[in-house]
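Remarks on the structure that follows.
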Amino acid sequence: MVRTVPVAIDPHLIAPCGMNCALCLAYQRPKNRCLGCRGDDKDRPLSCQRCIIKNCETIKNAPSHLCHECEKMPCRRLKQLDARYRAKYGMSMLENLKEIKEQGMDAFLAHQMEKYTCPKCKGLICIHRSRCLSCDP
Ligand code: SF4
Ligand code: SF4
Ligand SMILES: [Zn+2]
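The sequence shown maps to residues 280 to 416 in the numbering used here.
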């Protein structure tokens, strides 16, 4: 798989739930790529288009469009998603949101780069496969 090496992660790739779409298999694959939660619906899988979090009215009205501004956080849906990702992929949306809230988006993105950059090719590791798909497709 040929991928360009990112020098930084675009903040638009951080979904309202705290997911870093740059690490998603659907974003990293060369065919039928999803361009991220904030991309066009036509490019996103149906499951993501229908996502309750993405379509939540509170999110739509929040200046940052991130769940950390919500009084109800974590709502049931976000808790479920977080529990699934913690168990399956060793990643937490809630921790991501907490870090963004406490340290700001720039610091969070720099930390994500540090945490998920492949030491060999400097591309980003895929969270759904726990490996770099360029070095180990
Ligand atoms: S499939 Fe969902 S999580 Fe993956 S890049 Fe698209 S919007 Fe983000
Ligand atoms: S945490 Fe708040 S903003 Fe996020 S999906 Fe739940 S209710 Fe909506
Ligand atoms: Zn690599």
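Heads up, the beta-carbon is just placed ideally off N, CA and C, and yes, glycines get one too.
Got a sec, what are the start and stop residues for the alpha helix (DSSP H) residue i sits in?
{"i": "residue 326", "result": "325-328"}
{"i": "residue 338", "result": "336-340"}
{"i": "residue 372", "result": "372-382"}
{"i": "residue 366", "result": "355-368"}
{"i": "residue 304", "result": "304-307"}
Buried or exposed: which applies to residue i, given that a residue is buried once 16 or more other Cβ atoms fall within 10 Å of its Cβ?
{"i": "residue 298", "result": "buried"}
{"i": "residue 290", "result": "exposed"}
{"i": "residue 281", "result": "Bear in mind that the predicted position of residue 281 carries a pLDDT of just 49, short of 50, making it unreliable; the figure below should be weighed with that in mind. Looking at its Cβ environment, which holds fewer than 16 other Cβ atoms inside 10 Å, residue 281 is exposed."}
{"i": "residue 311", "result": "exposed"}
{"i": "residue 333", "result": "buried"}
{"i": "residue 295", "result": "buried"}
{"i": "residue 400", "result": "exposed"}
{"i": "residue 315", "result": "buried"}
{"i": "residue 416", "result": "exposed"}
{"i": "residue 353", "result": "buried"}
{"i": "residue 359", "result": "exposed"}
{"i": "residue 369", "result": "exposed"}
{"i": "residue 307", "result": "buried"}
{"i": "residue 323", "result": "buried"}
So, are the CB atoms of residue i and residue j less than 8 Å apart?
{"i": "residue 292", "j": "residue 405", "result": "no"}
{"i": "residue 313", "j": "residue 327", "result": "yes"}
{"i": "residue 372", "j": "residue 388", "result": "no"}
{"i": "residue 397", "j": "residue 413", "result": "yes"}
{"i": "residue 407", "j": "residue 325", "result": "no"}
How close, in whole Å, do the beta carbons of residue i and residue j come, if the pair is a contact with beta carbons under 8 Å?
{"i": "residue 349", "j": "residue 362", "result": "Not a contact, Cβ separation roughly 18 Å."}
{"i": "residue 392", "j": "residue 287", "result": "7 Å"}
Is there contact between the region 340-349 and the region 372-381, where contact requires at least three CB pairs shorter than 8 Å? Yes: the two stretches touch, three or more of their Cβ pairs being nearer than 8 Å.
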